[in-house]
Each structure stands twice: as structure tokens, then as C-alpha cells.
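In UniProt numbering, the protein residues as written are 1 to 196. Positions of the beta carbon are idealized from the N, C-alpha and C atoms, including for glycine. Everything numeric in this text was worked out from a predicted model, so none of it was measured. Contents: one structure, followed by commentary.
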């Protein structure tokens, strides 16, 4: 049904949700890879187990590199990640395992480095933390929560509502002021544009 047909019939569809769907079990190693880069993010036993299994299989097929990082928040870890991504060549299979926050931001960095969807695999060991992009301070923060929840922004201290939308390019869920709909309409404009 087109938007025009929906408007005439009064049928209203809910907005499309843009949420990641994580597999219950790690994906198998793609045997068509020209090389493999396995990234283990965080120090959980499950992360180590999955990374070891992927490396064991990948090493029998092609050149394999294992990167082990605490996460990607520190400049040192981000530098290592960027260096590893810079070595990736066409046909690489990047396999990422770790918590949702680190996996989403690493996938975003990989796309920015030129990797395409066929080259990317991921497995999330925990969904407790997620990256949230604040529309007000324009920064991404690590939060505990889920889409639909309200959290306090670590950058601007606003109460944010986490939207059911993952911005793949940012690797973050979008969030905006949860109280914005309660503001009088004369406060919607930025202060510098309001009549005095």
C-alpha cells in the first residue's frame, strides 16, 4: 500500500524500526575469505571462546590476524583498531566479537575504512550497554539501557529517550530530549532566534 492509499483509507503504519538483529550463535567462518581479521573486544570468557574458535578455523584457510582489545573507548585501543583496519585488503573477512557497544562502533569504523557488508561478521556477547548518539551535544556515549528507555546524557545532562533507530554510519542509537514534547511551542526555536 502506498502512502497516498494509506492516507485515503486512514490506515496508519507504525514507523519502521531500525534495530540490529544479533544471531544466537556465532556465524561460521566464511571459507571464501582471502584473509581473516578476528577482533575480540573485552575480556569476557565467551568473547575469548568465540575468538579462539574463529581463529582456529580461519587459520586453516588463509592468513589470519587476531586483535584483542579492551574495547574501543581509549585512544590507544582506537589507534590499534585503526591500524588493523588499515591492513585490511579486498576479500578480508572481519569477524568481531564482544559487547554490543564495542561491536556496533567497530562495525561503523570498518565501514568507514571501506569494508563492505560481505566482509563483515559479528557476534554480540552482551546487549546491556549500547552506544547512544545525543542529538543535542552531538556525541556518542556508552549507556546501559534499551531503545525506548530514558537515560541521562553524559555529555549535556539532558534526559534522553533512546529511539528505536540505529544509525549504521554512526554505529549508535539515536536519542533526543525526552521532555521536548512538553515544552511550550515558543521554546522550540534555539534561544538566539527567539523574539526578545
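Going by DSSP, residue 170 is part of no alpha helix (DSSP H) at all; its letter is neither H nor E.
About 16 Å separates the Cβ atoms of residue 129 and residue 150, ruling out a contact at the 8 Å cut-off.
Proximity of the stretch 113-120 to the stretch 81-90 meets the contact definition, three or more beta-carbon pairs being nearer than 8 Å. Inside the stretch 71-151, DSSP marks whole beta strand (DSSP E) runs of 3 or more residues at positions 92-99, 120-126, 129-134 and 140-144, from first to last along the chain. Distance from the CA of residue 34 to the CA of residue 153, rounded to the nearest whole angstrom, comes to 42 Å. When only Cα atoms are considered, residue 30 and residue 54 end up about 10 Å apart. In the DSSP assignment, the residues bridged to residue 18 are 165. Around residue 119, the same chain offers 92, 93 and 94 as residues with beta carbons nearer than 7 Å, after the five sequence neighbours per side are excluded.
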